[in-house]
Each structure stands twice: as C-alpha cells, then as structure tokens.
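Undergrad:
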Amino acid sequence: MRSGAEARRGPYGVGVAVTVEMLLERDGPACAWCGRAPWRRDLTLEHLVPRSRGGHLTPENVVLACGRCNRRRGARPADAYVRELLRDGVAVDVEGLRTALRRLLDADRRVHREAGQRQLERLRSVDAPVRP
Ligand SMILES: [Zn+2]
Numbered sequence: 000m001r002s003g004a005e006a007r008r009g010p011y012g013v014g015v016a017v018t019v020e021m022l023l024e025r026d027g028p029a030c031a032w033c034g035r036a037p038w039r040r041d042l043t044l045e046h047l048v049p050r051s052r053g054g055h056l057t058p059e060n061v062v063l064a065c066g067r068c069n070r071r072r073g074a075r076p077a078d079a080y081v082r083e084l085l086r087d088g089v090a091v092d093v094e095g096l097r098t099a100l101r102r103l104l105d106a107d108r109r110v111h112r113e114a115g116q117r118q119l120e121r122l123r124s125v126d127a128p129v130r131p
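Here it is, written out as structure tokens:
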C-alpha cells in the first residue's frame, strides 16, 4: 500500500477520496495494529479487507498502519496478524480494532459487511492483553 499523503480516488469509481489526514482526524496517529505512532511519512493506508480479497478504498475499510505492520500483515485476516503480534509481546489495542471492524458492518458493499463480520467473529477468541 502506498504511503503518499493523498490517496487517489479508488480505482473502483468510489466517490470519496480517503486520505491519511482524514484518518488522523478520525482515529489519531497510532498504528491500528501495534499502537506505535510513527513519523507521519511512515503512516500508510491499511485495508481491513485487503484489496486482494475484494476490499475497496473506502473510509470504513481503511485504517492507519505503520509501514512495517502493513507489510508484515500482508493479506491475512486481522485475527491472524493480531495473534502474531501478541505472541511477540506487542500490546495490541484489540478493542480499537473491533471498533474499526464494526464500521464494516454498516458498509454499502456486501463484501465489506461480510468480511467485517467474519473477521469480528474470528477476533472474538483473541484475548486482549492485560494492561497494568
Ligand atoms: Zn504498526
């Protein structure tokens, strides 16, 4: 995924241009996966439903991720990558991720609604780390 300041309009004729600025305003500067707040130029647009799985560049399907997480996650389902991060001792904000995935449930596109539902269900068995 490109990390440019301004994402183009999606290749699917979607009317809303999704930008890093828009997501900074909505979600804050932290990576949706590892919680780090990297330099602005290292924040990327991360598709919750990957493009290779039919996901589109629309606001409800995109969160901010650091470049490292974006690359490492690849096109895996959210719970698979979250488990990997938890194994590595990363304090994933699982609740924040659930909030992001719930946005997909109201999406216009069925592929987003269905994939969001599936990922939320799979995430249900992932325990959030206990924070001190
Ligand atoms: Zn990250």
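With numbering that gives the first Met the number 0 applied, the sequence shown covers 0 to 131. Heads up, the beta-carbon is just placed ideally off N, CA and C, and yes, glycines get one too.
(1) Check whether the Cβ of W32 lies closer than 6 angstroms to any heavy atom of ligand 1, and answer yes or no.
(2) Leaving out five residues before and five after R112 in sequence, what residues of the same chain have Cβ atoms less than 8 angstroms from its Cβ?
(3) Quick check: C33 and V89, are their CB atoms within less than 7 angstroms of each other?
(4) Starting from the C-beta of R97, find all residues in its chain whose C-beta is less than 8 angstroms away, skip the five residues before and the five after it, and write them out in chain order.
(5) Are V62 and A29 close, meaning C-beta to C-beta below 7 angstroms?
(6) Residue range of the alpha helix (DSSP H) that L84 falls in?
(7) At which residues does the alpha helix (DSSP H) containing E20 begin and terminate?
TA: On the basis of the supplied data:
(1) yes
(2) L103, L104, D105 and A106
(3) yes
(4) L119 and L122
(5) no
(6) A77 to R86
(7) V19 to D26
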